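Trainee:
Number of protein chains: 2
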Amino acid sequence: MKALRVDKKKLAVREVEKPAREDETLVRVLLSGICNTDLEIARGYASFKGTIGHEFVGVVEEAADASLIGQRVVGEINAGCGECELCSAGDPRHCSARTVLGIVGRDGAHAEFLKLPQKNLFKVPDMVLDEHAVFTEPLAAACGVLECVETKPTDRVAVIGDGKLGLLCAQVLALTGAQVVLIGKHAEKLRIAERRGIETVTTKSAAKRKREFDVVVEASGSPSGFAGALQLLRPRGVLVLKSTFEGKAEFVQAPLVVDEISIVGSRCGRFQPALDLLKKGAIDIDSLISEEYPLARGVYGMERAGKKGALKVFLRP
Amino acid sequence: MKALRVDKKKLAVREVEKPAREDETLVRVLLSGICNTDLEIARGYASFKGTIGHEFVGVVEEAADASLIGQRVVGEINAGCGECELCSAGDPRHCSARTVLGIVGRDGAHAEFLKLPQKNLFKVPDMVLDEHAVFTEPLAAACGVLECVETKPTDRVAVIGDGKLGLLCAQVLALTGAQVVLIGKHAEKLRIAERRGIETVTTKSAAKRKREFDVVVEASGSPSGFAGALQLLRPRGVLVLKSTFEGKAEFVQAPLVVDEISIVGSRCGRFQPALDLLKKGAIDIDSLISEEYPLARGVYGMERAGKKGALKVFLRP
Chain A
9 MKALRVDKKK LAVREVEKPA REDETLVRVL LSGICNTDLE IARGYASFKG
59 TIGHEFVGVV EEAADASLIG QRVVGEINAG CGECELCSAG DPRHCSARTV
109 LGIVGRDGAH AEFLKLPQKN LFKVPDMVLD EHAVFTEPLA AACGVLECVE
159 TKPTDRVAVI GDGKLGLLCA QVLALTGAQV VLIGKHAEKL RIAERRGIET
209 VTTKSAAKRK REFDVVVEAS GSPSGFAGAL QLLRPRGVLV LKSTFEGKAE
259 FVQAPLVVDE ISIVGSRCGR FQPALDLLKK GAIDIDSLIS EEYPLARGVY
309 GMERAGKKGA LKVFLRP
Chain B
9 MKALRVDKKK LAVREVEKPA REDETLVRVL LSGICNTDLE IARGYASFKG
59 TIGHEFVGVV EEAADASLIG QRVVGEINAG CGECELCSAG DPRHCSARTV
109 LGIVGRDGAH AEFLKLPQKN LFKVPDMVLD EHAVFTEPLA AACGVLECVE
159 TKPTDRVAVI GDGKLGLLCA QVLALTGAQV VLIGKHAEKL RIAERRGIET
209 VTTKSAAKRK REFDVVVEAS GSPSGFAGAL QLLRPRGVLV LKSTFEGKAE
259 FVQAPLVVDE ISIVGSRCGR FQPALDLLKK GAIDIDSLIS EEYPLARGVY
309 GMERAGKKGA LKVFLRP
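Keeping their order, the protein sequence lines are chains A and B. Each residue of the first sequence is one higher than the one before, counting from 9 in this note's numbering. Each residue of the second sequence is one higher than the one before, counting from 9 in this note's numbering.
#1: Does residue 216/B come within less than 7 Å of chain A when only Cβ atoms are used?
#2: Mind pulling the chain B residues with CB within less than 8 Å of residue 234/A?
#3: By how many angstroms is the C-alpha of residue 88/B removed from the C-alpha of residue 105/B?
#4: For the beta strand (DSSP E) holding residue 66/B, just list the boundary residues, first then last.
#5: Taking Cβ positions only, does residue 312/A come closer than 7 Å to chain B?
#6: Check whether the region 54-73 of chain A and the region 107-125 of chain A are in contact - that is, three or more C-beta pairs closer than 8 Å.
#7: State the Cα-Cα distance for the pair residue 235/A and residue 221/B, rounded to the nearest angstrom.
#8: Express the C-alpha separation of residue 145/B and residue 224/B in angstroms, rounding to a whole number.
#9: Looking only at its chain, what residues have a beta carbon closer than 7 Å to the beta carbon of residue 47/A, apart from the 5 residues adjacent to it on each side?
#10: Report yes or no: do the region 252-272 of chain B and the region 295-306 of chain A share at least 3 C-beta pairs separated by less than 8 Å?
#11: CB-CB under 6 Å to residue 231/A, same chain, minus the five flanking residues each way: which ones, in chain order?
#12: Can a CB atom of chain A be found closer than 7 Å to the CB of residue 268/B?
#13: Quick check on the burial criterion: 16 or more other C-beta atoms within 10 angstroms. Buried or exposed for residue 179/A?
#14: My assumption, with CB atoms under 8 Å, is that residue 110/B sits in contact with residue 35/B. Please give the rounded CB distance.
#15: Using only CA atoms, which one of 135/B, 184/B, 286/B lies nearest to residue 165/B?
#16: For the region 270-299 of chain A, enumerate the residues whose C-beta is nearer than 7 Å to any C-beta of chain B, in chain order.
#17: Helix, strand or coil, according to DSSP, for residue 169/B in the structure here?
#18: Starting from the beta carbon of residue 243/A, find every residue of chain B whose beta carbon is closer than 7 Å, and list them in chain order.
#19: Since residue 42/A and residue 13/A should fall inside the 8 Å C-beta cutoff, what is the C-beta to C-beta distance between them, to a whole number of angstroms?
#20: Let's see if you can read the secondary structure: which residues bound the beta strand (DSSP E) around residue 226/B?
#21: For residue 103/B, which residues in the same chain have their Cβ closer than 6 Å to its Cβ, ignoring the five residues on either side in sequence?
#22: State buried or exposed for residue 55/B, treating a residue as buried only when at least 16 other CB atoms are found within 10 Å of its CB.
#23: Give the range of the alpha helix (DSSP H) segment to which residue 308/B is assigned.
#24: Apart from the five residues on each side of it in sequence, which residues of its chain come closer than 6 Å, Cβ to Cβ, to residue 295/B?
#25: Which value, in whole angstroms, describes the spacing of the CA atoms of residue 324/A and residue 25/A?
#26: Quick check on the burial criterion: 16 or more other C-beta atoms within 10 angstroms. Buried or exposed for residue 150/A?
#27: Pull up the DSSP beta-bridge partners for residue 323/A, would you.
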């Protein structure tokens, strides 16, 4: 089968063997989405070698439970050991022995087939389009913000970054009734949020709004985002960090202590709330889709996804 | 009166006018304590000019309420505007118009007299010695950790830094029943914690205990403390930052997001819980006292307080 792989930092679509199901479930990929993390991995982040990609919708091809075969599914990307305290409590996201689809020790979704444990799979409701279902994983990551911070309708929330993740976070947070401001550099991307009734400001103007926000979500994917985010927070405010990237961030510690700021790292979220939002049509997904390429042109698709102005790029096997 | 002052970054004991009470309360200082923040301020931190010092015990000399006169008191160092939302809720620690004794816009405690609003003052129970009462402010700062993080008896807690603040934090946290480990560089200081039944390890050995702790309290006062502290935390662990210093800290953001770490800045704490602990004799304070000098020798006292191995240095007017 075809798969988009990173080997020795070189990115290429290669012919590889179709994965053997073993005690997991084999999924035929219908559509996969390119995430910024894929771009980071191609640059060396997480030192991953193998098939990249972790956003997908597919159809179950082989499974221990025959009733699953033919079902349309999306999949939670963290596969735990199944036995430790965390896995037993139903949350393998921090299992120390976990593999992560297309990120840690497990071939990913930019391929004709992938495998995952059966318990990682979620059936996709019929009315959810393939193109929307692919967004379950990044939308779950946006919903994950609400697992780390409770927002009240009176709260002023800033989301930094008008990329896909920032646009999803802003929409999810706006649904809670909080007063959300999206901060970004691209007028056409900010327009997507504006059409949902979300206030937007440019990065330059945001610098004037120091100490205004109760919660700031940093989703810019840039090392400079961190220090800028701190300046927007009121004393005792909360900064939620969503961006993973190679490299170091730098900050002046004293104001963080004096203002008693909290910072919370947030990575993956639960799939069910995201699927529920997709089913309700509560999130504008269509505006976040840029282009689609056949998997065979995966390297070009990655290049396109890295261009200024790009939003979601799909690969179709 | 004599006062230890920082002017144009020069530290000196000078003759200045005794403060006029106005609508506040005038306190004759019995004893003041040198905090590391005083040393930082003398180096330029907070750009403060005036009389430094914020740890003291004194006797009320002049007050609107005559019944206060002659009372032995300690004082909450943040003086709010009294009118904003935060002040109205009884917590001026983040009032944006606040002054802070010997730190922001208000002459401090290394002097013969100081003034503070009456509501900032707390009577000292008779059985608490002057030398212990001076520790109310730093002990309140240590108790402040419990305002930002709830520890369970099953929690593993590491305190980094065997200085005064670290030793106070370790003792306060050990009282909650949590499993506390104090990490430091000085055998003789670590012994103080060991005598209270607290496990200690050297900074070098601590580097082997990666991902072991639920909570880490960073009280080392060193920019390198931050990155080291992150490595000790288990996924979803909490880092409490207590150190204020000039300069930048640097860290790799991705692991913080991947492990969904929380970081909380913590500065001042409430005085009453600290006074209660002092009254109960629940904290070993005596071991934290190094030396005492007359206020007139304040510059030398500061020098001594900055020496390796020094703990609390008192100044007596």
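Glycine included, every Cβ here is placed at the ideal spot set by N, Cα and C. In this text the structure is predicted, and so the values were computed from the model without any measurement.
Mentor: The relevant details are as follows:
#1: Translated into the one-based positions of the second sequence, residue 216/B becomes position 208. No, no contact with chain A.
#2: One-based indexing of the first sequence puts residue 234/A at position 226. Per Cβ cutoff of 8 Å: 261.
#3: As a working note, residue 105/B is residue 97 in the second sequence. As a working note, residue 88/B is residue 80 in the second sequence. The straight-line gap from Cα to Cα measures roughly 6 Å.
#4: The residue you call residue 66/B lines up with position 58 of the second sequence. Residue range 63-70 is occupied by the beta strand (DSSP E) that includes residue 66/B.
#5: Within the first sequence, numbered from 1, the residue matching residue 312/A stands at position 304. With 7 Å as the cut-off, residue 312/A does not count as an interface residue toward chain B.
#6: When C-beta atoms of the region 54-73 of chain A are compared with those of the region 107-125 of chain A, three or more pairs fall below 8 Å, so the two segments count as touching.
#7: Counting from one through the first sequence, the residue named residue 235/A turns up at place 227. Counting from one through the second sequence, the residue named residue 221/B turns up at place 213. Approximately 27 Å, taken between the alpha carbons.
#8: Taking the second sequence and counting its residues from 1, the one referred to as residue 224/B is at position 216. Taking the second sequence and counting its residues from 1, the one referred to as residue 145/B is at position 137. Taking the CA atoms as reference points, residue 224/B sits about 22 Å from residue 145/B.
#9: Numbered from its first residue, the first sequence carries residue 47/A at position 39. 310, 313, 314, listed in sequence order.
#10: With the cut-off at 8 Å, the region 252-272 of chain B and the region 295-306 of chain A do not touch.
#11: Within the first sequence, the letter at position 223 stands for residue 231/A. Result list for residue 231/A: 255, 257, in chain order.
#12: Within the second sequence, the letter at position 260 stands for residue 268/B. Chain A, which has a Cβ nearer than 7 Å to the Cβ of residue 268/B, makes this yes.
#13: Position 171 of the first sequence, counted from the first residue, corresponds to residue 179/A. Buried.
#14: By 1-based counting over the second sequence, the position of residue 110/B is 102. By 1-based counting over the second sequence, the position of residue 35/B is 27. Rounded, the Cβ-Cβ distance is 13 Å, inconsistent with contact.
#15: Against the second sequence, residue 165/B aligns to sequence position 157. The closest CA to that of residue 165/B, considering only 135/B, 184/B, 286/B, is found on 184/B.
#16: Residues of the region 270-299 of chain A whose Cβ lies closer than 7 Å to any Cβ of chain B, in chain order: 270, 271, 272, 273, 274, 275.
#17: Sequence index remark: in the second sequence, residue 169/B carries index 161 (1-based). DSSP places residue 169/B in coil when its eight states are reduced to three.
#18: For the purposes of this step, residue 243/A is taken as residue 235 along the first sequence, with counting starting at 1. In chain order: 102.
#19: To locate residue 42/A, count along the first sequence from 1; it is residue 34. To locate residue 13/A, count along the first sequence from 1; it is residue 5. So it is not a contact: roughly 14 Å between Cβ atoms.
#20: The sequence position of residue 226/B within the second sequence is 218, counting from 1. Under the DSSP assignment, residue 226/B falls in the beta strand (DSSP E) whose first and last residues are 221-226.
#21: Along the second sequence, one-based indexing puts residue 103/B at 95. Result list for residue 103/B: 88, 89, 92, 94, 95, in chain order.
#22: In the second sequence, residue 55/B corresponds to position 47, counting from 1. Residue 55/B comes out exposed.
#23: Here residue 308/B refers to the residue found at position 300 when the second sequence is read from its first residue. For residue 308/B, the enclosing alpha helix (DSSP H) stretches over residues 306-313.
#24: Numbered from 1 along the second sequence, position 287 holds the residue referred to as residue 295/B. Once the five neighbours on either side are set aside, the close Cβ partners of residue 295/B are 200.
#25: By one-based count along the first sequence, residue 324/A stands at place 316. By one-based count along the first sequence, residue 25/A stands at place 17. A straight line joining the alpha-carbon of residue 324/A with that of residue 25/A spans about 18 Å.
#26: Your numbering for residue 150/A matches position 142 in the first sequence. Buried: at least 16 other Cβ atoms inside 10 Å.
#27: Translated into positions along the first sequence, residue 323/A becomes position 315. Here residue 323/A is bridged, per DSSP, to 40/A, 301/A.
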